[in-house]
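Trainee:
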Amino acid sequence: MNTIKNILETIRPKSLFSRALVILGMPILLVQMVLGYIFVDRHTETILRQLSQNISGEISLTLDLLENTENVDKMLLRAKESLNINIQILDKKHLDTHGLYQKGWLYNHIDSALKTKISAPYFVFMTDDKINIQVESVRGVIEYEMTRKKLFSRTTPLVLIWTGFSSIVLLLIAAIFMRNQIRPIKRLAKAADCFGKGGDVANFRPEGATEVRLAGSAFIKMQERLNLLLTERTQMLAGVSHDLRTPLTRMKLQLSMMDSTKAKKELLEDLAQMQSMLEGFLNYARGSQQEERKLCDLIKLLEGVIKPYQTPTFKIDIIYVDKKDSNSLIFSLKGDLVKRLLTNLIVNSKVSGTCVHITVTQRERFLQFFVDDNGAGIPLSERENVFKPFYRLDTARHTQSGNVGLGLSIVRDAIRSHGGQVFLEDSPLGGIRVVLNLPV
281 MNTIKNILET
291 IRPKSLFSRA
301 LVILGMPILL
311 VQMVLGYIFV
321 DRHTETILRQ
331 LSQNISGEIS
341 LTLDLLENTE
351 NVDKMLLRAK
361 ESLNINIQIL
371 DKKHLDTHGL
381 YQKGWLYNHI
391 DSALKTKISA
401 PYFVFMTDDK
411 INIQVESVRG
421 VIEYEMTRKK
431 LFSRTTPLVL
441 IWTGFSSIVL
451 LLIAAIFMRN
461 QIRPIKRLAK
471 AADCFGKGGD
481 VANFRPEGAT
491 EVRLAGSAFI
501 KMQERLNLLL
511 TERTQMLAGV
521 SHDLRTPLTR
531 MKLQLSMMDS
541 TKAKKELLED
551 LAQMQSMLEG
561 FLNYARGSQQ
571 EERKLCDLIK
581 LLEGVIKPYQ
591 TPTFKIDIIY
601 VDKKDSNSLI
611 FSLKGDLVKR
621 LLTNLIVNSK
631 VSGTCVHITV
641 TQRERFLQFF
651 VDDNGAGIPL
661 SERENVFKPF
671 YRLDTARHTQ
681 SGNVGLGLSI
691 VRDAIRSHGG
701 QVFLEDSPLG
711 GIRVVLNLPV
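Position in the sequence shown (from 1) plus 280 gives the number in the working numbering.
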C-alpha cells in the first residue's frame, strides 16, 4: 500500500500548470478513447462487412463469367485490371481442403459474405499482406489473390488521426491560455519572495483573473502595512537612542571633570555598557532597512571588518577556499548588511574566545561562510533560542560584555533579508561554528 502511495506521490503533478493540463487532458483522453472504441466497434464493423460482401460479389461475378466465356485469358486480364485481383486456374479439379485456414475476426467476415454469394466449396487463407481464396468451379480450382487493403477503408485511420490531432491542437491552445493565467501567480510569488528578502517590489502591479488581482492587492496592502510598521520601529529606536545619547554625553563630560577614582572608573564602564546597548538597539533596527545590492570586493570588505578587532590577544584569520590567483573577489552583495552581520559574529566570539577563523567558499549560486571560534560554545538545546531577540545565555550575563541579546538576532535578520540562511554547528576550534549561506 505504501509502495503504491509513493508511486502516486512521485508521478503526481506538482505545479499548478501541470495539474491544470492533467485536468484538461484527462477528459479529452477519456472522450477520445470512448469515441474511438465506439467508432472502431460500430463503424469499422459495418465497413468491414460491406467490403467483405464486395469481395464475395466480385468472386461470384468472375465465376459466372468464367463459366460462360470462351476467351478465358482475356477475361482474367480484364478482371485483374478492373478489380485489382489476380485470378488463375489451378491444375486440379478439387480442393485439398475447404473452409477457413483458421478462425479469426477477418476470416469470419469473409466466410459470412462468401456463404451468401457462393454455393461451391472454397478455402480462405491469409498472410500479412495478401488474401488467398480458392473456389471449385466447372473449369477446376480457381485461385483469387488480392491485397488485404481491400478489407479496410482509407477513411477509418484518417478519422482517428484527425480527431486525435484536433484534440492535441485544442489542448495546446488551452495550455497557452492556462500559462497566461498562471503567469500573474508566478509574478506574485516572485514579488512576495523578493519582499521577504528585503528587496524593492514597488513596480509590482496586480494583474490576471479577479481572484489573482485580489491576492495581489492584498499583498500590496500587507507590504505597505509592514513597511509602515518597520519604519515606525526604526524611528522609535532611533529616537530613543538620540534622546538617551544627550544625557549620556552630559554624564561623560561631568565625569571627565572629576578626579580619577574607583567610583569614576566604574561609572565610565557603566556608561560604555549603556552606549554598547544603544548601538545594539540601533543595529537591530537598522537590519530591517532596505539596501540595494551592488558589486563589492569581498576581500576588501572582510579586511575592513576584521581590522578594528585584530589585536595581539584576539586573532582573526580569513581562509579562502578554491580562490583563484586574484587580489579581488567581486560579488553582487548588500555590503553594509554583510559588514554588520560579520561584525556581530566577531563581537560575540570576542566575549569568551581568543581567535576567530572565517572560511569563505564559493558555491554554484551562493557564498558560504564558516565563522569558527574557540569560545565557550552554545549548548545544542539553546541553538535556536539564541536567534530570538533579547535572549541571552546565562554565561553571557555579565556586566562587562554589554550584551543585550541582539547579536545573533541581527545576524539572522540580516542574512534573511539577503535571501540566505544561517545555522549553528560545533566548531573544530572547540567553540561554535556559524554557517552562513549567502546568495550572490
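Beta carbons are placed, not taken as given, at the ideal position from N, Cα and C, and that holds for glycine. Please read these numbers as outputs of a predicted model, since none were measured by experiment.
By how many angstroms is the C-alpha of G316 removed from the C-alpha of V441?
Mentor: Contrary to the premise, residue 441 reads as Ile rather than Val in this sequence. Taking the straight line from one Cα to the other gives about 10 Å.
Trainee: Could you tell me how far apart the beta carbons of L622 and V666 are, in whole angstroms, since I believe they sit closer than 8 Å?
Mentor: Their Cβ separation, rounded to whole angstroms, is 17 Å, which puts L622 and V666 out of contact at 8 Å.
Trainee: Does the beta-carbon distance from F611 to L578 come in below 7 Å?
Mentor: Against a cut-off of 7 Å, the Cβ pair of L578 and F611 comes out as a contact.
Trainee: With E664 as the anchor, note down where its beta strand (DSSP E) starts and where it stops.
Mentor: No beta strand (DSSP E) holds E664; DSSP gives it neither H nor E.
Trainee: Would E416 and L356 qualify as a contact pair, given that the criterion is a beta-carbon distance under 7 Å?
Mentor: No.
Trainee: Once DSSP output is grouped into helix, strand and coil, what is the label at R677?
Mentor: Residue placement at R677 is flagged as unreliable, the pLDDT there being 42, under the threshold of 50; a coordinate-derived value is accordingly withheld.
Trainee: Is it buried or exposed for Q680, if we count other Cβ within 10 angstroms and need 16 for buried?
Mentor: Residue placement at Q680 is poorly supported in this model, since its pLDDT is 48, which falls under 50; the coordinates are not used for a value here.
Trainee: Determine whether the beta carbon atoms of L718 and F646 lie at a separation below 7 Å.
Mentor: Going by C-beta atoms, L718 is nearer than 7 Å to F646.
Trainee: For the alpha helix (DSSP H) containing D344, list its first residue and its last residue.
Mentor: Where D344 is concerned, the enclosing alpha helix (DSSP H) stretches over E325 to N348.
Trainee: Could you tell me the alpha carbon to alpha carbon distance between S632 and N654, rounded to whole angstroms?
Mentor: Roughly 8 Å between the two C-alpha positions.
Trainee: Pairs of beta-carbons, one from the region 287-304 and one from the region 360-372, closer than 8 Å: are there three or more?
Mentor: With the cut-off at 8 Å, the region 287-304 and the region 360-372 do not touch.
Trainee: Could you tell me which of I658, P669 and V702 sits nearest to G711, measuring between CA atoms?
Mentor: Nearest option by C-alpha distance: I658.
Trainee: Rounding to the nearest angstrom, what Cα-Cα distance links I398 and S336 in this structure?
Mentor: In a straight line, the C-alpha of I398 is about 8 Å away from that of S336.
Trainee: Taking only three categories from DSSP, how would you classify D371?
Mentor: Three-state DSSP puts D371 in coil, outside helix and strand.
Trainee: What do you get for M426, buried or exposed, if any count of 16 or more other CB atoms within 10 angstroms of its CB means buried?
Mentor: The residue in question, M426, is buried, as its Cβ has 16 or more Cβ neighbours within 10 Å.
Trainee: Which same chain residues end up closer than 8 Å to I284 when comparing Cβ atoms and leaving out the 5 residues on each side of it in sequence?
Mentor: Nothing meets the Cβ criterion.
Trainee: For the region 468-488 against the region 509-516, do three or more pairs of beta-carbon atoms, one drawn from each stretch, fall closer than 8 Å, so that the two count as touching?
Mentor: Too few Cβ pairs lie closer than 8 Å, so no.
Trainee: Would you list the one or two residues that DSSP bridges to R713?
Mentor: R713 is bridged to D652 and E705.
Trainee: Under 7 Å between the Cβ atoms of S697 and P669?
Mentor: No.
Trainee: According to DSSP, A474 sits in a beta bridge with which residue or residues?
Mentor: Looking at the sequence shown, residue 474 is not Ala but Cys. The partner list for C474 (beta bridge, DSSP) is empty, contrary to what the question assumes.
Trainee: Taking the DSSP output, what are the residues bridged to K595?
Mentor: Answer by DSSP bridge pairing, in chain order: C635.
Trainee: Closest to E338 by CA distance: which of L547, K430 and Q642 is it?
Mentor: With distances taken between Cα atoms, E338 lies closest to K430.
Trainee: Taking the C-alpha atoms as reference points, what is the distance between F432 and A400?
Mentor: Going from the Cα of F432 to the Cα of A400 covers about 26 Å.
Trainee: I need the DSSP call for T427, collapsed to helix, strand or coil.
Mentor: Looking at T427 - three-state DSSP - the assignment turns out to be strand.
Trainee: Considering only the beta carbon of each residue, do S521 and L558 sit closer than 7 Å?
Mentor: Contact flag set, yes.
Trainee: Would you check if the distance between the CB atom of A694 and the CB atom of R573 is smaller than 7 Å?
Mentor: No; because the gap between Cβ atoms is not below 7 Å, this pair is not in contact.
Trainee: Tell me whether K466 is buried or exposed, calling it buried when 16 or more other Cβ atoms sit within 10 Å of its Cβ.
Mentor: Classification of K466: exposed, given that the 10 Å Cβ count is below 16.
Trainee: Please go through the same chain and pick out, in chain order, the residues whose beta-carbon is closer than 7 Å to the beta-carbon of T593, but skip the five residues on each side of it.
Mentor: T634.
Trainee: Return helix, strand or coil for K580, following the three-state DSSP convention.
Mentor: In the structure shown, K580 sits in a helix (DSSP, three-state: H, G or I).
Trainee: Can you give me the start and stop residues for the beta strand (DSSP E) that Q414 sits inside?
Mentor: First-last of the beta strand (DSSP E) with Q414: K410 to S417.
Trainee: Taking only three categories from DSSP, how would you classify M406?
Mentor: DSSP places M406 in strand when its eight states are reduced to three.
Trainee: In chain order, what residues of the same chain have a beta carbon less than 8 Å from the beta carbon of A498, not counting five sequence neighbours either side?
Mentor: Closer than 8 Å at Cβ, skipping near neighbours: no residue.
Trainee: To the nearest angstrom, how far is it from the Cα of N624 to the Cα of L617?
Mentor: Going from the Cα of N624 to the Cα of L617 covers about 11 Å.
Trainee: Beta strand (DSSP E) containing S608: first to last residue?
Mentor: Element bounds for S608: n/a, residue is neither H nor E.
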